[in-house]
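J.: For the sequence shown, numbering that gives the first Met the number 0 begins at 0 and goes up steadily by one.
Glycine included, every Cβ here is placed at the ideal spot set by N, Cα and C.
The structure under discussion is supplied below as structure tokens; questions concerning it will follow.
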Amino acid sequence: MLVLSRKPNESIIIGDDVEVKVVEVRGEQVKLGITAPREIPVHRKEVYESIHNQNINATRSKNANLDNISRLFKKKKKEE
């Protein structure tokens with residue numbers, strides 16, 4: 000992990016298009032401003048993890064539904 004020190008109104012550049020700027024420091028809280036192209040998603044970590052978990056759960060649900068449909072077709076085929 001690269002660790003950098005920045006003061007308010009100073010920034011770092013990531014790649015060619017992403018800028019992270021220290022907007023304000025107050026006590027133990029730091030406000031960051033992020034400038035990035037629209038195609039680069041920017042999320043707080045807890046939001047990203049929530050989205051990731053929801054996507055995993057949705058995939059599992061779809062797989063379970065496909066398994067149920069597959070069983071129904073197999074059952075129907077045996078009955079014929």
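Grouping DSSP H, G and I as helix and E and B as strand, with all else coil, what is S4?
T.: Taking the first residue of the sequence shown as position 1, residue 4 is located at position 5. Note: S4 maps to coil in three-state DSSP.
J.: Give the straight-line distance between the Cα atoms of D16 and V41, rounded to the nearest whole angstrom.
T.: If you number the sequence shown from 1, residue 16 lands on position 17. If you number the sequence shown from 1, residue 41 lands on position 42. Cα to Cα, D16 sits roughly 13 Å from V41.
J.: If we call anything under 9 Å between Cβ atoms a contact, is V10 one with V2?
T.: To locate residue 10, count along the sequence shown from 1; it is residue 11. To locate residue 2, count along the sequence shown from 1; it is residue 3. Correcting the residue type first, residue 10 is Ser in the shown sequence and not Val. Cβ atoms of S10 and V2: not closer than 9 Å.
J.: Excluding the five sequence neighbours on either side, which residues of its own chain have a C-beta within less than 8 Å of the C-beta of V29, listed in chain order?
T.: Counted from its first residue, the sequence shown places residue 29 at position 30. Contacts found: V21 and E23.
J.: Rounded to the nearest angstrom, what separates G32 and E18 at their Cα positions?
T.: The residue you call residue 32 lines up with position 33 of the sequence shown. The residue you call residue 18 lines up with position 19 of the sequence shown. Computed Cα separation, rounded: 8 Å.
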